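Residue numbers (our numbering): -16 to 282.
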């Protein structure tokens, strides 16, 4: 299949890219890695008049540490989370999800910002950013603004970015003492879209859960936080029979919070069961991981 006709432009600077987006608005699409956009063009699911290739724009793939956060440029390739010891150590939850993003070859091309801006409800990086409580920086000729992950993903393939805005940076809360992390997903084959995903960031203090964020992916029109499920874990030790019961209750509430759909791959009931099982798995991963980290901190 071939894409519909479009005008291709390749700016050399951020200022030039923003000017193009301001001029063309919703008639333009940004080309970063192209792993999602190009197939959509070929299937005629996207029909932009103008394609703005930002691969020549400098400064959009940098990694910076600042006040307990890690900021990655939007053009950082997804494979960096696997290759970089710095990123694996600072962002273990992101590193845990990285091998599930597409395939090795596509991760060498796909970008962090592109995945987030694409806002696929089945995407691993949107789920992890939401679970960690991160945010993105969007820039336009009107200025710049920070958008929290909770506000970024509106529904499937739709983000809060305006047509003239370019996602330039992603802020990830870095791993801290006392925090543990877990990620799990189920797909029919490696590299396929997940049938369900779960992610957990859990803080352990004085032998009990002090704080926890439980995220669900691929089971609604956007990634979700299972707040009620997380709430039953706070103040609980997850060791022993009582801990097992708390984890099962949280997993059951997570399954109830999911909003799965039925298709040829899985039924609603099957996806809910997956949410329950995966939630149990990531909560236990987070609890055990937190046991290896002493002290307190943020996600």
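Note that CB positions come from ideal geometry on N, CA and C, so glycine has one too. Source: prediction; values computed, not measured.
Between the C-alpha atoms of residue i and residue j, what's the straight-line distance to the nearest angstrom?
{"i": "residue 17", "j": "residue 93", "result": "7 angstroms"}
{"i": "residue 22", "j": "residue 11", "result": "16 angstroms"}
{"i": "residue 212", "j": "residue 262", "result": "9 angstroms"}
{"i": "residue 223", "j": "residue 52", "result": "34 angstroms"}
{"i": "residue 183", "j": "residue 265", "result": "6 angstroms"}
{"i": "residue 63", "j": "residue 81", "result": "9 angstroms"}
{"i": "residue 58", "j": "residue 50", "result": "22 angstroms"}
{"i": "residue 78", "j": "residue 9", "result": "33 angstroms"}
{"i": "residue -8", "j": "residue 32", "result": "11 angstroms"}
{"i": "residue 127", "j": "residue 152", "result": "11 angstroms"}
{"i": "residue 226", "j": "residue 216", "result": "9 angstroms"}
{"i": "residue 279", "j": "residue 174", "result": "Any answer about residue 279 is weak, because its pLDDT of 44 lies below 50 and its placement is not dependable; what the coordinates show is given next. Their Cα atoms are separated by approximately 36 angstroms."}
{"i": "residue 122", "j": "residue 236", "result": "38 angstroms"}
{"i": "residue 251", "j": "residue 1", "result": "42 angstroms"}
{"i": "residue 200", "j": "residue 210", "result": "14 angstroms"}
{"i": "residue 70", "j": "residue 44", "result": "13 angstroms"}
{"i": "residue 218", "j": "residue 243", "result": "30 angstroms"}
{"i": "residue 214", "j": "residue 24", "result": "42 angstroms"}
{"i": "residue 197", "j": "residue 61", "result": "23 angstroms"}
{"i": "residue 72", "j": "residue 27", "result": "40 angstroms"}
{"i": "residue 110", "j": "residue 178", "result": "14 angstroms"}
{"i": "residue 208", "j": "residue 67", "result": "28 angstroms"}
{"i": "residue 274", "j": "residue 125", "result": "46 angstroms"}
{"i": "residue 95", "j": "residue 54", "result": "11 angstroms"}
Within a Cβ cutoff of 7 angstroms, which residues of the same chain sit near residue i, ignoring the five residues on either side of it in sequence?
{"i": "residue 131", "result": "118"}
{"i": "residue 20", "result": "12, 14 and 29"}
{"i": "residue 115", "result": "76, 155, 156, 184 and 282"}
{"i": "residue 88", "result": "none"}
{"i": "residue 91", "result": "60 and 62"}
{"i": "residue 144", "result": "100, 121 and 150"}
{"i": "residue 271", "result": "163"}
Can you list, in chain order, the residues of its chain with a C-beta nearer than 6 angstroms to that of residue i? Leave out the 5 residues immediately preceding and following it.
{"i": "residue 104", "result": "139, 204 and 205"}
{"i": "residue 238", "result": "255, 258 and 259"}
{"i": "residue 106", "result": "98"}
{"i": "residue 245", "result": "251"}
{"i": "residue 176", "result": "105"}
Count the other C-beta atoms from every protein chain shown that fall within 10 angstroms of the C-beta of residue i, then say buried if there are 16 or more, exposed otherwise.
{"i": "residue 7", "result": "buried"}
{"i": "residue 164", "result": "buried"}
{"i": "residue 101", "result": "buried"}
{"i": "residue 3", "result": "buried"}
{"i": "residue 134", "result": "exposed"}
{"i": "residue 148", "result": "buried"}
{"i": "residue -12", "result": "exposed"}
{"i": "residue 48", "result": "exposed"}
{"i": "residue 137", "result": "exposed"}
{"i": "residue 171", "result": "exposed"}
{"i": "residue 247", "result": "exposed"}
{"i": "residue 56", "result": "buried"}
{"i": "residue 228", "result": "exposed"}
Is residue i near the ligand FAD, going by C-beta to nearest heavy atom under 7 angstroms?
{"i": "residue 52", "result": "The model on display carries no ligand, and the ligand FAD is accordingly not part of it."}
Name the one or two DSSP bridge partners that residue i has.
{"i": "residue -15", "result": "According to DSSP, which records beta bridges pairwise, residue -15 is partnered with nothing at all."}
{"i": "residue 14", "result": "36"}
{"i": "residue 169", "result": "179"}
{"i": "residue 65", "result": "Note: residue 65 sits in no beta bridge, so no partner."}
{"i": "residue 119", "result": "130 and 153"}
{"i": "residue 253", "result": "Paired residue(s): none; residue 253 is not in a bridge."}
{"i": "residue 188", "result": "191"}
{"i": "residue 199", "result": "181 and 207"}
{"i": "residue 52", "result": "49 and 156"}
{"i": "residue 162", "result": "186"}
Quick one: what's got a C-beta closer than 8 angstroms to residue i's C-beta in the same chain, skipping five residues either side?
{"i": "residue 231", "result": "263"}
{"i": "residue 195", "result": "183, 184, 185, 186, 213, 216, 217, 266 and 269"}
When you compare the CB of residue i with every CB in chain C, is at least one pair closer than 8 angstroms?
{"i": "residue 26", "result": "The structure shown has no chain C; it contains just one protein chain."}
Using a Cβ distance threshold of 8 angstroms, determine whether the segment 35 to 48 contacts the segment -13 to 7, with at least three qualifying pairs required.
yes
Can you confirm whether the segment 155 to 164 touches the segment 184 to 193 when touching is taken to mean that 3 or more C-beta pairs between the two stretches lie within less than 8 angstroms?
yes
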